[in-house]
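Notes follow once the structure below has been shown.
Chains as they are written, first to last, in the working numbering: chain A, 43 to 290; chain B, 43 to 290.
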């Protein structure tokens with residue numbers, strides 16, 4: 043049991059480390075190689091898109107998903123951790139929607155059509171499913187009037203769709219990074235080497251893609267571990283240890 | 043129990059249906075819109091790449107993964123189904139490697155560098171992990187001399203990595219289809235409408251991407267269902283029912 047907890051904390055530390063690396067890489071890519079940020083309809087506004095999607099749809103989303111697996115959170119009432127789970131996901135959804143606004147605004151300002159690429163189809167599907175999952179999740183697990191039978195019925199689907207949305211997020215991010223590098227790394231553009239010659243920017247952004255995949259696999263591994271799941275008390279808003287104490 | 047089996051067969055039928063749609067869409071795309079197939083270093087050789095990767099790395103791979111979930115296969119010895127699982131995966135690996143040969147040959151014939159894009163990094167990682175998983179899987183579960191303790195130890199990692207490789211396959215396919223459409227659907231090229239105007243080819247190939255994602259999610263859903271797993275007898279090469287009969 044101690045070994046299992048130790049393995050969990052090692053996996054969780056890796057998850058946090060990869061989160062930090064993802065954020066640093068995506069911020070460094072867009073600030074140092076893509077001329078930084080603005081909200082003015084130029085490419086600088088577009089640069090918010092990868093940063094907000096990686097931070098919201100991948101990093102915050104993945105960390106929110108594993109909150110209940112942290113053994114520290116098992117000792118007290120479930121309610122504050124539920125609020126943290128829902129709160130982090132709401133922030134993740136806010137960042138994702140803001141990230142979509144950045145790219146839609148940029149397209150509209152530059153008369154580029156929206157939602158034509160496969161990347162955009164998968165991306166909009168991902169954010170749509172995420173929004174629906176948040177609303178159904180809040181209605182089911184946060185509203186006090188929601189009956190226990192409904193919660194028990196919805197929970198497996200909620201957990202499964204949560205993992206599926208993370209997979210879709212990764213598909214969206216990788217196809218988006220790949221597409222962006224083909225757009226900007228052309229031999230004709232201001233002296234940079236083209237993508238096939240792997241200039242430093244290409245190595246950096248490709249590495250970001252690999253780290254995003256590693257992060258998502260660690261999160262999915264943590265979620266799949268049966269023995270790392272929060273032991274469920276009879277009343278799900280009570281803490282597990284509390285119930286044990288009551289019983290003794 | 044009957045309801046659970048009914049739900050399994052519905053999910054499995056959907057899995058088979060989506061497999062057929064994937065194969066038809068990728069074949070139709072490359073034969074009708076991309077000028078068909080050859081093995082001559084031209085774009086016609088490249089066209090084998092998407093077809094072989096979708097058929098091998100997604101369709102055959104996914105169907106091989108769910109073989110043990112089919113209740114029909116629980117009645118007899120596990121050995122023939124193990125050979126079917128390993129055989130389908132070997133065919134899938136063969137198609138995937140042939141698909142890589144198609145694109146490497148095409149690149150070399152046209153002096154295009156290999157392995158620079160994020161799509162290619164993820165793709166080569168996927169096929170590499172798949173090859174390693176097949177070799178370790180065969181050594182662990184097919185070799186009669188492999189001890190039961192090793193099989194028990196390796197199985198959870200084998201099952202988990204199997205799902206992870208399917209996720210990576212989907213990431214590779216979606217980023218590849220997206221990249222290909224940006225390459226070929228340009229306003230300058232022989233009268234076709236550019237990608238942003240969503241010509242029929244773009245709708246077809248984007249739809250292929252969506253169907254690949256749907257197929258993978260159905261496979262992952264089938265694999266995640268605890269009650270759809272093959273009941274394990276004491277001797278894993280015996281059939282479950284057989285063991286029950288022996289005991290009675």
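By construction, the Cβ of each residue, glycine as well, lies at the ideal position given by its N, Cα and C atoms. From a predicted model like this one, the values you see are computed outputs, not experimental measurements.
Residues of the stretch 142–168 of chain A whose Cβ lies closer than 7 Å to any Cβ of chain B, in chain order: 154, 155, 158, 159, 160, 161, 163, 164. Each residue's CA atom was taken as its position, placing residue 60/A and residue 76/A some 23 Å apart.
Going by beta carbons, residue 50/A and residue 112/A fall inside the 9 Å limit.
DSSP, reduced to helix, strand and coil, places residue 185/B outside both helices and strands of the structure shown, so it counts as coil.
It is roughly 12 Å from the alpha-carbon of residue 96/A to the alpha-carbon of residue 135/A. Counting only Cβ-Cβ distances below 9 Å, residue 263/A has contacts in chain B at 202, 206, in chain order.
Proximity to residue 256/A across 105/B, 206/B, 69/B peaks at 206/B, based on C-alpha coordinates. No Cβ-Cβ contact shorter than 9 Å links residue 163/B with residue 178/A. Residues of chain A whose Cβ lies closer than 7 Å to the Cβ of residue 224/B are, in chain order, 221, 224. Relative to residue 89/A, the option among 46/A, 123/A, 110/A, 146/A whose CA is nearest is 146/A. Out of 73/B, 114/B, 71/B, the CA that lies nearest to the CA of residue 48/B is found in 114/B. Under the criterion of beta carbons closer than 8 Å, residue 104/A and residue 258/A qualify as touching, at roughly 7 Å. Shown here, residue 271/B sits in coil according to DSSP, grouped into three states, outside any helix or strand. For residue 222/B, the CB contacts under 8 Å within the same chain, skipping 5 residues up- and downstream, are 92, 247 in chain order.
Counting along the chain, no alpha helix (DSSP H) covers residue 77/B, and no H or E run does either. For residue 158/B and residue 188/B, the gap between their C-alpha atoms comes out near 40 Å. Within the stretch 233–248 of chain B, contact with chain A at the beta-carbon level (separation under 8 Å) is assigned to 237, 238, 239, 240, 244, 247, 248. For residue 251/B, the residues of chain A that pass the 8 Å Cβ criterion are 160, 163, 164, in the order they occur in the chain.
By the beta-carbon neighbour count (other beta carbons within 10 angstroms, threshold 16), residue 228/B is exposed. Just so you know, the alpha carbons of residue 174/A and residue 167/A end up roughly 11 Å apart. Here DSSP, grouped into helix, strand and coil, assigns residue 177/B to helix. Annotated as proximal: residue 169/A and residue 138/A, with beta-carbon spacing under 9 Å.
Within chain A, no C-beta atom comes nearer than 7 Å to that of residue 63/B; the closest sits roughly 16 Å away. Between the C-alpha atoms of residue 260/B and residue 265/A there is a straight-line separation of about 18 Å. Residue contact check for residue 210/B against chain A: a CB pair falls below 9 Å. Look at residue 191/B here: in three-state DSSP terms it is helix. Here residue 180/B has 128 as same chain residues with Cβ atoms under 7 Å from its own Cβ, once five neighbours each way along the sequence are excluded. Annotation for residue 114/A: no alpha helix (DSSP H) segment contains it, and DSSP assigns it neither H nor E. In this structure, DSSP gives residue 158/A a state outside helix and strand, which the three-state scheme calls coil. When DSSP states are grouped into helix, strand and coil, residue 121/B belongs to the helix group.
In this structure, DSSP gives residue 56/B a helical state, which the three-state scheme calls helix.
Shown here, residue 238/A sits in a helix according to DSSP, grouped into three states.
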